[in-house]
Amino acid sequence: MARFEPLSPDQMTAEQKSVCDDLIKSRGSVRGPFPVMLHNPGLASAAEKLGGYARFDSQIEPRLLEFAVSVVSRFWGAHVEWVSHTRLAREAGIDPAILKAVEEGRRPDFVNDDEAALYDFVTSLLETSKVDDSTYAKCLETLGERGMIDLMAAITHYTVVSFTLNAFHVPVPDGMETPPFGPGR
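When you line the sequence shown up against my numbering, it's residues 1271 to 1455, in that order.
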């Protein structure tokens, strides 16, 4: 059960209504961490801006971006994020077998070097808070300098999203299966 209930329009301040309207314009609805974040409209607005950039304006191609978000959400055990972004990753071209391995906490058997470079970078950073030179170089070769900065923005944003979803027990939407994992690899 969620620890914060979504605000109804009559419960919202003018600032909350404004941010809510912005979320609906940019995302089509208020879902994921945003019903919780709307309790602090300044935070919700800032998170929407970073998330909007990370997801929609990034230089990283959607296949790799959604894969990175899937790896982040799996690492933190964020079920809502996992369900949403693995669907998007599959639609963007990530092999379901790759996502299944990530779901099971295993390093996938990669066919594509770019996916392997991204996976190794993201998991190293999340697991150790560091990245060795070789792993960094492979990811840099894959994404370029701006792509690396965009990747850090995505990892940062979706870590905040994952923490918010987990801390406030945001449930997986009705009709979607809750993944069989908790946080950690």
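Backbone N, C-alpha and C fix where the C-beta goes; we use that ideal spot for every residue, glycine too. Small disclaimer: the values here were computed from a predicted structure and weren't measured.
The segment 1304-1316 makes contact with the segment 1430-1443, as at least three CB pairs between them are under 8 Å.
One Cα belongs to Leu1413, the other to Leu1320, and the distance between them is close to 19 Å. Two segments are said to touch when three or more pairs of C-beta atoms, one from each, lie closer than 8 Å; by this definition the segment 1410-1430 touches the segment 1316-1333. Inter-residue distance for Asp1365 and Asp1379 is about 11 Å (C-alpha atoms, whole angstroms).
Spanning the alpha carbons of His1355 and Ser1343 requires a straight line of approximately 8 Å. Taken in chain order, the complete alpha helix (DSSP H) segments of 4 residues or longer contained in the segment 1272-1311 are 1284-1297 and 1304-1307. Nearest neighbour of Pro1276 by Cα position, chosen from Ser1296, His1427 and Pro1311, turns out to be Pro1311. Taking C-beta atoms as the reference points, Val1401 and Leu1395 count as a pair closer than 8 Å. Glu1336 and Ala1362 do touch by the CB rule: their CB atoms are close to 5 Å apart, below 8 Å. For Glu1373, same chain residues with a beta-carbon under 7 Å away, outside a window of 5 residues either side, are Arg1344, Pro1449 and Phe1451 in chain order. If you draw a 10 Å sphere on the C-beta of His1427, you find 16 or more other C-beta atoms in it, and that means buried. Around the CB of Arg1325, 16 or more other CB atoms lie within 10 Å, so the residue is classed as buried. Non-local C-beta neighbours of Ala1371 in its own chain, meaning closer than 8 Å and more than five positions away in sequence, comprise Arg1377, Pro1378 and Asp1379, ordered along the chain.
Exclusion of the five residues before and after Leu1313 leaves Met1307 as the residues of its chain whose Cβ lies within less than 7 Å of its Cβ. Taken through DSSP and simplified to helix, strand or coil, Phe1326 comes out as helix. The DSSP-derived three-state label of Glu1318 is helix. For Arg1273, the closest of Thr1398, Pro1441, Tyr1323 and Met1446 by C-alpha to C-alpha distance is Pro1441. For Val1431 and Gly1302, the gap between their C-alpha atoms comes out near 8 Å.
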